[in-house]
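Contents: one structure, followed by commentary.
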DNA sequence: AATCTCATTTTGTGATCACATTTTCAGAAA
DNA sequence: TTTCTGAAAATGTGATCACAAAATGAGATT
């Protein structure tokens, strides 16, 4: 049983072993380090994380709760496989959730926060120029997250991250087979709409950003990617 | 540390201790057995469930992943408190998620399934007549769940249930202070729309059902309920 | 060469225990 | 009466172990 390698992640002092395991595994899945269908073992990950089964098992259980992993009937733990239909569901769900979240964040965004969002958008382009796909992905998520979490009572962010996690594995495959990073996004448009406090325009820009970004893969392209994953 | 009492739940043969603990705790929270702000302990629940800390802790960790519980900084485990603003967020999120889910289920519903949904709707009225609030609540959830899960590739149901769970505690309080059960719902309207395969009408009926049901509480009413919970 | 059998190994599960932190609360001090 | 103090109790954490189920793989059989 080969255990996938885990990207490093700083461990803040005082963080419990369980929280660290959860954060590290979560990030690994989010950035596409695990292939769909990969199976992992508690003991294997415990060893990789230099800890013991108990906290790792708790982390894995949490990850299944948010759809990032799956405990099968035969007690095997696997990264869920993605079908073209499931992929399409995930994309349409992203659009529904994130337009909703963006719309409800508009009223809470200060000029200051909008400037921060602009800075994040610039950093995305930096990472793309540098060719660091994983960093660009993280920055792109930060762009979206910063908008949505401007709403202080927001409940939706964990749900959105759950969908991101479920898209992680296919994203990892896509990154491997794309030589040139796509630069197309609707971030400028979203920012302009934020400045105008135009909720409809913000929601539309976010929806278009998703649809034309990862959602832009047609069914054939997804099927091709998934074949590569088998 | 008084441990809240848990509604009984059948334990299928072969179900692991952890799965049983999770299912039982989840249902308890879903039907409002736990008050907002209540704190629970691992050992207390382990005793109530006649098992040991390990599987219970895993179940609690999962429940935090879906927003049903909260591990505080000081390591206390509590049922999240609800503010009027949070309540409003949850309702608007329910509407966004469930209209989306309903819309995407329409094409998959067979006549047969629609008849099953009608039967469930009848059973809701039975339970209301009988005065069994918890049973009516469960049946109402079954009504919604049956519609949404007609879509076989659906991803959204776990997210919807997460929102239901977060509404559970305030629902429990509401049930205690409402003598007569409200019978108003838009189920008939939704069923008619399903029969016509009218996606927009289905989405509208579901949205109205939520808005006029639990969502119908205005901020003042919610604040009053929450004061009762303190 | 393909399939079957069975012993070995691997793996998830759940109970237990030691430890450190937090909470509780009785008694002293102001 | 209120506040402070410190010892005892309660609690979350994580490592370990025994157990049962599942997976593995070598050797036998067809």
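Protein chains in written order, with my numbering: chain A, 2 to 231; chain B, 2 to 231.
We put the beta carbon where it would ideally sit given N, CA and C, even for glycine.
Keep in mind that this is a model prediction, so the values were computed, not measured.
Margin query: Going by beta-carbon coordinates alone, are residue 194 of chain A and residue 209 of chain A separated by less than 8 Å?
Written below: Your numbering for residue 194 of chain A matches position 193 in the first chain. Your numbering for residue 209 of chain A matches position 208 in the first chain. It is not a contact, given that the beta carbons lie outside the stated cut-off.
Item checked: Backbone CA spacing between residue 142 of chain A and residue 121 of chain A [nearest angstrom] -> Your numbering for residue 142 of chain A matches position 141 in the first chain. Your numbering for residue 121 of chain A matches position 120 in the first chain. Whole-angstrom Cα-Cα distance: 10 Å.
Next item on the list: Grab me the residues of residue 12 of chain B's own chain with a C-beta within less than 8 Å of its C-beta, minus the 5 sequence neighbours each way, in chain order.
Entry: Here the question's residue 12 of chain B lines up with position 11 in the second chain. Only 21 meet the Cβ criterion.
Item checked: Beta-carbon neighbours of residue 156 of chain A, restricted to chain B and to distances below 8 Å -> Walking along the first chain from the start, residue 156 of chain A turns up at place 155. By Cβ distance, chain B contributes 68, 87, 90, 91, 94, 164, 167.
Next item on the list: Just the chain B side, please: which residues come within less than 7 Å of residue 160 of chain A by C-beta, in chain order?
Entry: For the purposes of this step, residue 160 of chain A is taken as residue 159 along the first chain, with counting starting at 1. The contacting residues are 160, 163.
Check: Along chain A, which residues have their Cβ under 7 Å away from the Cβ of residue 59 of chain B?
Finding: On the second chain, residue 59 of chain B is found 58 positions in, with the first residue counted as 1. Here the neighbours are 58, 59, 62.
Checklist line | Terminal residues of the alpha helix (DSSP H) in which residue 150 of chain B lies | finding: Numbered from its first residue, the second chain carries residue 150 of chain B at position 149. Segment: none, residue 150 of chain B is in no alpha helix (DSSP H) and carries neither H nor E.
Margin query: Below 8 Å on C-beta distance, what does residue 101 of chain A contact in chain B?
Written below: Taking the first chain and counting its residues from 1, one reaches residue 101 of chain A at position 100. The contacting residues are 93, 94, 97.
Margin query: By the three-class DSSP mapping on this structure, what secondary structure does residue 163 of chain B have?
Written below: Reading the second chain from its first residue, position 162 is the one you call residue 163 of chain B. It is helical.
Check: Among B/94, B/211, B/63, which residue has its Cα nearest to the Cα of residue 185 of chain B?
Finding: Taking the first residue of the second chain as position 1, residue 185 of chain B is located at position 184. Comparing Cα-Cα distances from residue 185 of chain B to each of B/94, B/211, B/63, the minimum goes to B/211.
Note to self: Let's see if you can read the secondary structure: which residues bound the alpha helix (DSSP H) around residue 192 of chain B?
What the structure shows: Along the second chain, one-based indexing puts residue 192 of chain B at 191. Element bounds for residue 192 of chain B: 188-196.
Note to self: Could you tell me the alpha carbon to alpha carbon distance between residue 172 of chain A and residue 75 of chain A, rounded to whole angstroms?
What the structure shows: Here residue 172 of chain A refers to the residue found at position 171 of the first chain. Here residue 75 of chain A refers to the residue found at position 74 of the first chain. Distance between the alpha carbons of residue 172 of chain A and residue 75 of chain A is about 27 Å.
Next item on the list: Rank B/28, B/202, B/174, B/40 by C-alpha distance to the C-alpha of residue 4 of chain B and give the top, closest one.
Entry: Here residue 4 of chain B is taken as the residue at index 3 of the second chain, counted from 1. The candidate whose alpha carbon is nearest that of residue 4 of chain B is B/40.
Checklist line | Exposed unless 16 or more other CB atoms sit within 10 angstroms - verdict on residue 169 of chain A | finding: In the first chain, residue 169 of chain A corresponds to position 168, counting from 1. Its Cβ being crowded by 16 or more others within 10 Å, residue 169 of chain A is buried.
Margin query: Please return the same chain residues whose Cβ sits closer than 8 Å to the Cβ of residue 23 of chain A, not counting the five positions on each side in sequence.
Written below: Here residue 23 of chain A corresponds to residue number 22 of the first chain, with the count starting at 1. Correct list, in chain order: 59, 60, 63, 64.
Next item on the list: Run the CB neighbour count on residue 178 of chain A, radius 10 Å, all protein chains shown included, and call it buried at 16 or more, exposed below.
Entry: Along the first chain, one-based indexing puts residue 178 of chain A at 177. Label assigned to residue 178 of chain A: exposed.
Note to self: On the criterion of 16 or more Cβ atoms from any shown chain inside 10 Å, does residue 213 of chain B qualify as buried, or is it exposed?
What the structure shows: Taking the first residue of the second chain as position 1, residue 213 of chain B is located at position 212. Looking at its Cβ environment, which holds fewer than 16 other Cβ atoms inside 10 Å, residue 213 of chain B is exposed.
Notebook entry, point to check: Should residue 16 of chain B be labelled buried (16 or more other beta-carbon atoms within 10 Å of its own) or exposed?
Noted result: Within the second chain, residue 16 of chain B is the residue found at index 15, counting from 1. Burial call: exposed.
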